[in-house]
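Residues in the sequence shown are numbered from -17 upward in steps of one, following this note's numbering. The beta carbon of each residue, even a glycine, is placed where N, CA and C say it ideally should be. If you're wondering where the values come from, they're calculated on a predicted model, not measured in any experiment.
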Amino acid sequence: MRGSHHSAGVKLVIRNPAAAGQFYAGSRESLIKETVKLTQPSPEKKEDAIGVISPHAGYVYSGSVAGLTLGSIIPKPVYVIMGPNHTGLGSPFSLSTSDSWATPLGSVTINKTLAEKIIKNCPQISKDEFAHTQEHSIEVQLPILQTLQENFTIVPIVISQGGIELYRKIGQGIAKSIKELKLEKDVVIIASSDMTHYESQKSAEKKDSRAIDAILKLDEEALVECIEKFDISMCGSAPAAIMIVAAKSLGARRALLIKYQTSGDISGDYSSVVGYAGIVIY
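In structure tokens, the structure reads:
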């Protein structure tokens, strides 16, 4: 899964895509067509976002929500992208050790300065590439961002489940890292998450509206509680809670639901759907 380029004797480690040709088109040409379609039309007024929730299913299902959501924010030079661990590989809270991540649209450099700062301020997070090798939740955000802007760097972090206190510590550590580097105006924190999995449209809408309400209130505790109480299978609830904590610490006061839909809206099968929400926090 890993490649490398030699330049001036320095070996750069590149993470090759794991989801290309499955979750999104595998060739550059088809992928450009796909992402351009997903990011049109772009809203006139873009939000100066601090945090975002964006889904990560195959583009055919959730790409329009992700494209609309990421297209509705002012582009920034740095994205901290947190995604859940679907594979069970690696340590629970893992920051990618690669130098860059490749997609069919080119490579995106890891922001090592911010990554090192986060490792220092978040002892819960370790450097571990293994958790990232097969994980799609962070990767699928990249081609959409690459279509929306030329240059940006990323800090990819795989996040497993924990408790509210742990989420608060990590969220505050991430915010502290951004402040110490004076990057408050330059970073968007993306929590990659789908909502309810494989329930009826009615059930998914009911459960997801509860989780979305908690997010819109910027209440990480209410989110974690309602996930448990109503048994909501939102895979990225941990990244979402951490993102809310960090965003509030960086001055976020409001949230906006950009779009909600389910896989049923695409497939026409409403008996067993997955929910997708796009939310901007600013």
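By the DSSP assignment, the alpha helix (DSSP H) with residue i in it spans what residues?
{"i": "E26", "result": "It is not in any alpha helix (DSSP H) - E26 carries neither H nor E in the DSSP assignment."}
{"i": "V47", "result": "41 to 52"}
{"i": "K184", "result": "183 to 198"}
{"i": "P125", "result": "124 to 130"}
{"i": "A97", "result": "94 to 103"}
{"i": "S249", "result": "246 to 249"}
Assuming contact is defined by CB atoms lying nearer than 7 angstroms, are residue i and residue j in contact in what I supplied?
{"i": "Q143", "j": "Y252", "result": "no"}
{"i": "M225", "j": "A186", "result": "no"}
{"i": "A234", "j": "I263", "result": "yes"}
{"i": "N67", "j": "V137", "result": "no"}
{"i": "T85", "j": "E111", "result": "no"}
{"i": "K241", "j": "L50", "result": "yes"}
{"i": "S76", "j": "A113", "result": "yes"}
{"i": "P37", "j": "Y258", "result": "yes"}
{"i": "L200", "j": "A237", "result": "yes"}
{"i": "P125", "j": "L20", "result": "no"}
{"i": "I56", "j": "D81", "result": "no"}
{"i": "I63", "j": "I120", "result": "yes"}
{"i": "I265", "j": "S245", "result": "Within the shown structure, residues of the chain are numbered from -17 to 264, placing residue 265 beyond reach of any answer."}
{"i": "L210", "j": "V227", "result": "At residue 210 the sequence reads Glu, which differs from the Leu that was named. No, Cβ-Cβ distance for E210 and V227 is not below 7 angstroms."}
{"i": "C104", "j": "G65", "result": "no"}
{"i": "Y43", "j": "I248", "result": "yes"}
{"i": "A196", "j": "C208", "result": "yes"}
{"i": "L239", "j": "I261", "result": "yes"}
{"i": "K58", "j": "D168", "result": "yes"}
Going by DSSP, name the residue or residues bridged to residue i.
{"i": "A2", "result": "Y6"}
{"i": "M177", "result": "Answer is none; M177 lacks a bridge partner."}
{"i": "G65", "result": "V140"}
{"i": "F75", "result": "I141"}
{"i": "A84", "result": "S89"}
{"i": "K164", "result": "Its beta-bridge partners do not exist; DSSP assigns none."}
{"i": "I55", "result": "E29"}
{"i": "S108", "result": "S76"}
{"i": "I172", "result": "V34, I63"}
{"i": "T135", "result": "V60, T91"}
Report the option in the options whose CA atom is closest to the CA atom of residue i.
{"i": "I101", "options": "G153, I(-4), V262", "result": "G153"}
{"i": "G216", "options": "M177, F112, I224, L200", "result": "Reading the sequence as shown, one finds Met at residue 216 and not Gly. Nearest option by C-alpha distance: M177."}
{"i": "K164", "options": "F134, L96, I126", "result": "L96"}
{"i": "A229", "options": "G257, D247, S159, K188", "result": "S159"}
{"i": "Y180", "options": "G233, D213, K15", "result": "D213"}
{"i": "S46", "options": "T17, G155, S254", "result": "T17"}
{"i": "K15", "options": "V(-8), Y41, A1, K27", "result": "Y41"}
{"i": "V296", "options": "V170, E147, E11", "result": "The question about residue 296 has no answer here: the residues shown for the chain are numbered -17 through 264."}
{"i": "A0", "options": "L(-6), P57, Q123, G145", "result": "Q123"}
{"i": "R(-3)", "options": "E117, L127, G145", "result": "E117"}
{"i": "L71", "options": "C208, E147, T115", "result": "T115"}
{"i": "S73", "options": "Q106, Y43, K28, S89", "result": "Q106"}
{"i": "R10", "options": "Q128, L232, K151", "result": "Q128"}
{"i": "T91", "options": "E147, Q4, N133, K99", "result": "N133"}
{"i": "V255", "options": "I261, G218, D190", "result": "D190"}
{"i": "Q268", "options": "K(-7), A39, K27, G8", "result": "Outside the modelled stretch of the chain, which goes from -17 to 264, sits residue 268, for which no answer is possible."}
{"i": "L130", "options": "K99, A2, P23, G3", "result": "P23"}
{"i": "R150", "options": "E166, L205, G3, E162", "result": "L205"}
{"i": "A2", "options": "W83, K188, K161", "result": "W83"}
{"i": "K99", "options": "V(-5), E162, L(-6)", "result": "E162"}
Starting from residue i, trace the beta strand (DSSP E) in both directions and tell me its first and last residue.
{"i": "G145", "result": "Segment: none, G145 is in no beta strand (DSSP E) and carries neither H nor E."}
{"i": "A259", "result": "255 to 263"}
{"i": "I35", "result": "33 to 36"}
{"i": "K(-7)", "result": "-8 to -3"}
Compute the minimum distance between the beta carbon of residue i and the heavy atoms of the ligand ATP, and state whether it is under 6 angstroms.
{"i": "G72", "result": "The ligand ATP is absent from the structure shown, which contains no ligands of any kind."}
Ranges of the beta strand (DSSP E) found wholly within the stretch 202 to 242, counting only runs of at least 3
none
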